[in-house]
Amino acid sequence: MKFVSPGEAAANTNDMSDKAGGDLVRIGEMAKKYGVTLRTLRFYEDKGLLNPQRDGSTRLYTRRDKARLKLILLGRKVGFSLRDVKQMMDLYDPTGSNTKQLRLTLDKSEKQLARLQKQRALIDDAINELSNSMAAVRQMLTERSAPQASVAR
């Protein structure tokens with residue numbers, strides 16, 4: 001899981017363009033672009049994962065918010081909890097080496113990879129068992145339908 005490049009992208013946002021409105025996106029555009037619901041974006045905001053600017057009651061998302069949302073979605077895709085994603089993102093320091101963030105991300109990623117590999121093995125076993133059962137059922141159907149076909153003639 002690659003957190004540094006998107007994180008660097010989030011940190012390297014040009015605050016001047018955000019304030020000028022050049023890169024600000026409304027909630028509907030953000031939801032549509034990333035294939036999430038408005039409710040999801042509000043939920044991520046409530047959990048402290050996103051922090052859009054406000055213009056009255058209108059949420060305006062910056063390039064930083066977009067980068068963070070990409071990380072959230074990537075983290076969720078590979079099975080991280082939102083707590084884990086937040087913990088990894090919150091360690092980002094645009095002026096530091098981010099060694100602590102990288103170590104934590106690697107540690108969590110190694111553990112998640114092991115969990116996913118274990119799940120894959122269990123799924124492979126289940127697929128094999130189901131395939132074998134289906135083959136047995138097909139065989140039974142073949143054996144039972146063959147005599148009926150000859151009786152009908």
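Numbering (the UniProt record's numbering), first residue to last: 1 to 153.
Even glycine gets a Cβ: it sits at the ideal position worked out from N, Cα and C.
With respect to PHE80, GLN112 sits close: the two C-beta atoms are nearer than 8 Å. By the neighbour-count definition (other C-beta atoms within 10 Å, threshold 16), LYS108 is a buried residue.
LEU41 is classed as buried because its beta carbon has at least 16 other beta carbons within 10 Å across all chains shown. Sequence-distant Cβ neighbours of ARG68 in its own chain, meaning closer than 7 Å and more than five residues away, are ALA10, LEU49, LEU50, MET89. TYR92 sits in coil when the DSSP states are folded into three classes, being neither helix nor strand. Of GLN119, THR142, LEU71, the smallest CA-CA separation from ARG63 is found for LEU71. Between LEU60 and VAL25 a beta carbon distance of about 7 Å is seen, short of the 8 Å cut, so the two are scored as contacting. The Cβ atoms of LYS86 and LYS47 lie closer than 8 Å to each other. In summary, ASP124 is exposed, with fewer than 16 beta-carbon neighbours lying within 10 Å of its beta-carbon over all protein chains present. Using a 10 angstroms sphere on the CB of GLY56, the tally of other CB atoms stays under 16, which defines it as exposed. Counting only unbroken stretches of 3 or more residues, the beta strand (DSSP E) elements lying wholly within the UniProt domain "HTH merR-type" (24 to 91) are 53 to 55, 58 to 61, in sequence order.
When the Cα atoms are used, GLU29 and GLN117 turn out to be separated by approximately 36 Å. Taking LYS32 as the centre and dropping the five residues before and after it, the same chain places no C-beta closer than 6 Å to its C-beta.
Here ASN98 is buried: its Cβ has 16 or more other Cβ atoms, across all protein chains shown, within 10 Å.
The C-alpha of GLN119 lies about 23 Å from the C-alpha of LEU104.
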